[in-house]
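Asks: One structure, as structure tokens, below. Some questions next.
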Amino acid sequence: MKESILLNQKNMPLLTKIIEIPTYDRSNVNTGIVHIGIGGFHRSHQAVYCDSLLEQGHDLNWGICGVALLEHDDKIYNTLKTQDGLYTLIVKELDGSWSPKIIGSITEYLFAPENPKTVIEKIANPTTKIVTLTITEGGYNIDEITGEFNLDNPMIQHDISHPEQPKTVFGYLTQALKLRKANGTAGCAIQSCDNVQGNGEVMKKTLKTYIKVAEPSLLNWVEDNISFPNSMVDRITPVTEEKDIQKLKEDYGIVDSWPVTCEPFKQWVITDNFKAGRPKWENLGAEFVVDVAPYEKMKLQLLNAGHSVLGILGALLGYGTIDEAVNDPSLKKFLTNFMDNEVTPTLENLSGVDLPSYKKSLIDRFGNHNIKDQVSRICSESSAKIPKFLLPTLKQQLESKGPIDQASFVIAAWAIYSLGTDEQGNKLTIIDAMKEQLHEKAVAAKMDSKAFLNITGVFGDLNNSERFVASYTTAYDKIVQAGIKKAVVALNTTM
Ligand code: CS2
């Protein structure tokens with residue numbers, strides 16, 4: 005066992021011989037970006053692009069202030085505080101080796117519940133040119149029935165009546181933009197980095213709906229001064245496990261209470277509309293394009309939906325990780341058929357993209373034995389993910405009278421998954437904001453399988469489609485009667 009070194013700025017010189025550390029002078033870095041939602045993904049993706057840019061040394065104005073927004077984000081905040089914003093990025097290579105590196109681009113960190121005013125002032129600061137967000141798919145607070153921003157959400161109501169003590173991103177941004185306007189500070193860009201189709205547009209629409217009610221006199225200023233770039237983000241980032249923390253300590257002697265693990269691949273496609281300038285992320289491989297929408301659609305409906313397919317079917321079969329699931333030949337075949345027959349016909353305008361290679365690369369990435377991405381992570385918050393990842397394919401195929409049996413099958417499997425046990429009777433760990441409702445409808449579905457489709461917050465009015473309901477019911481009955489494995493194989497053979 006090596007001598008243990010606590011990860012913090014003071015100990016950096018001790019780490020130089022052990023691991024790659026930032027070579028730029030962190031004390032000279034200025035904060036140009038405020039990031040809201042500093043979870044694993046931000047730390048494996050955007051913060052890494054910024055770190056590499058700082059390494060190039062031309063422009064030290066793009067340091068990040070990471071904001072922990074929610075009460076339960078105190079752990080990441082305390083970790084960053086103890087470690088001076090430093091953390092270890094552990095890239096798990098395809099051959100099983102580790103490429104660890106210390107990332108230094110998060111130079112400030114704030115815990116919003118502790119000090120909302122500081123967060124508001126930070127976003128309003130003239131040096132803040134971009135506010136980036138990873139607030140999760142559900143964070144946009146869209147009502148699946150109306151497709152509109154849900155003003156009835158109690159947290160939103162709270163922010164409207166307590167503007168100076170906000171809890172949601174909408175309340176924070178509104179207060180900060182109001183302050184920018186009052187101070188005569190120029191506008192900035194608000195860039196969503198979530199897995200949501202048209203994420204910039206969605207952010208613009210939702211924020212403006214909020215402002216219209218909470219602070220109507222700000223609306224025109226926002227229209228004129230704030231831009232909302234769209235972006236497609238990609239890097240598989242499993243939940244950090246205790247064994248990763250231990251290995252880092254044992255093999256490298258580094259004591260980091262929350263390193264980030266991820267795959268080697270990363271991708272970022274962005275529309276180039278930044279009101280107050282932007283970092284040269286293209287130097288690090290980010291792609292700036294006129295229209296991100298087709299790339300987002302491809303990624304969400306193939307990669308993210310592919311994950312959900314493997315997660316839900318894999319969970320019922322008792323698999324713990326995505327590589328186990330995709331390396332099961334029947335699931336691999338199911339996924340390949342789903343991608344080729346149901347998703348691919350809905351994709352267009354992907355100039356320069358070799359779709360067959362992209363799909364093949366997804367199967368390879370999912371199958372990477374060293375990543376060990378957790379099925380529980382993939383299945384978490386499915387009620388927010390399924391409407392963004394899987395239902396768009398289903399709806400488009402219903403419109404064009406195309407194939408829907410595989411998407412319907414996944415929904416039927418999700419209904420059975422929501423009962424809370426796998427096929428061997430082992431308890432499933434279900435993490436979902438709608439967990440209780442899902443369970444209640446899953447129980448009702450045992451008597452009448454259609455009951456699960458009445459969750460309008462997820463399915464909207466899809467239960468009005470006779471064709472979909474019939475396809476779903478057939479799948480549900482088949483799974484109950486034959487078990488998930490045989491039902492998958494049976495569907496595979498009809499393709
Ligand atoms: C996953 C994503 O959360 C999920 O269900 O599909 O986190 C996925 O791993 C990333 O979007 C990869 O870029």
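Residue numbers (my numbering): 5 to 499.
Yeah, the Cβ is synthetic: ideal placement off N, Cα and C, and Gly gets one too.
Suppose contacts are defined by Cβ-Cβ distances below 7 Å. Is S422 in contact with Y476 by that definition?
Replies: No, these two residues do not count as a Cβ contact at 7 Å.
Asks: With distances taken from CA atoms, which of G464, I459, Q410, Q441 is nearest T498?
Replies: Comparing Cα positions, the closest option is Q410.
Asks: Do the CB positions of A479 and A388 come within less than 7 Å of each other?
Replies: Cβ distance not < 7 Å, so A479 and A388 don't count as in contact.
Asks: Leaving out five residues before and five after T83 in sequence, what residues of the same chain have Cβ atoms less than 6 Å from its Cβ?
Replies: S261, W262.
Asks: For G36, does the three-state DSSP call read helix, strand or coil?
Replies: Of the three classes helix, strand and coil, the one that applies to G36 here is strand, per DSSP.
Asks: Put E291 into one of helix, strand or coil per three-state DSSP.
Replies: DSSP places E291 in strand when its eight states are reduced to three.
Asks: Throw me the rounded Cβ distance for the F472 and I408 pair, which I believe falls under 8 Å.
Replies: Contact holds; Cβ gap of about 6 Å.
Asks: What do you reckon, are the CB atoms on V296 and N234 nearer than 7 Å?
Replies: In this structure, N234 lies closer than 7 Å to V296 by Cβ.
Asks: Cβ-heavy atom distance between N507 and the ligand CS2 below 6 Å?
Replies: The structure shown does not extend to residue 507, since the chain is modelled only from 5 through 499, so no value can be given for it.
Asks: Look at T265 and D238 and say whether their C-beta atoms are less than 7 Å apart.
Replies: No; because the gap between Cβ atoms is not below 7 Å, this pair is not in contact.
Asks: Compute the minimum distance between the beta carbon of N199 and the heavy atoms of the ligand CS2, and state whether it is under 6 Å.
Replies: The answer is yes for N199.
Asks: Which residue or residues does DSSP assign as beta-bridge partners of D238?
Replies: According to DSSP, which records beta bridges pairwise, D238 is partnered with Q271.
Asks: Flag H311 as yes when its Cβ comes closer than 6 Å to any non-hydrogen atom of the ligand CS2, and as no otherwise.
Replies: It does: the Cβ of H311 is within 6 Å (strictly closer) of some heavy atom of the ligand CS2.
Asks: Thinking C-alpha only, which one of A51, L90, I215, V243 is nearest Q161?
Replies: Of the listed residues, the one whose Cα sits closest to Q161 is I215.
Asks: Specify the secondary structure class of A446 as computed by DSSP and reduced to three states.
Replies: In this structure, A446 counts as helix in the three-state DSSP scheme.
Asks: Would N353 be called buried (16 or more neighbouring beta carbons within 10 Å of its own) or exposed?
Replies: Answer is exposed; the Cβ neighbour count stays below 16.
Asks: So the beta strand (DSSP E) F115 belongs to, where does it begin and stop?
Replies: Looking at the DSSP string, the run of the beta strand (DSSP E) that includes F115 is 110-115.
Asks: Just checking, does the region 293-313 make contact with the region 79-98 on the three C-beta pairs under 8 Å criterion?
Replies: No, they do not touch.
Asks: For the ligand CS2, is there a heavy atom less than 6 Å away from the beta-carbon of D238?
Replies: Yes, since a heavy atom of the ligand CS2 falls inside the 6 Å radius drawn around the Cβ of D238.
Asks: Classify I2 as buried or exposed, calling it buried when 16 or more other Cβ atoms lie within 10 Å of its own Cβ.
Replies: No statement about residue 2 is possible, as the shown extent of the chain runs from 5 to 499 and does not include it.
Asks: Provide the residue(s) that pair with L93 in DSSP beta bridges, ordered along the chain.
Replies: Paired residue(s): K105, V264.
Asks: Check this for me: beta carbons of G310 and L339, under 7 Å apart or not?
Replies: Yes. Within cutoff.
Asks: Tell me whether the region 164-178 and the region 113-132 touch, counting them as touching only if at least three CB pairs, one residue from each stretch, are closer than 8 Å.
Replies: Yes, since at least three Cβ pairs between the region 164-178 and the region 113-132 fall closer than 8 Å, the two stretches touch.
Asks: Can you tell me whether V196 is helix, strand or coil according to DSSP?
Replies: Reading off the sequence, residue 196 comes out as Ser, not Val. If DSSP states are grouped into helix, strand and coil, S196 belongs with the strands.
Asks: Can the beta-carbon of A319 be found less than 7 Å from the beta-carbon of V379?
Replies: Closer than 7 Å, so yes.
Asks: Below 8 Å CB to CB, which residues in the same chain sit around L321 once its five sequence neighbours on both sides are set aside?
Replies: A329, D332, L335, D426, E427, I488, K489, listed in sequence order.
Asks: Comparing alpha-carbon positions, which option in N467, N154, T20, S312 lies nearest I382?
Replies: It is S312.
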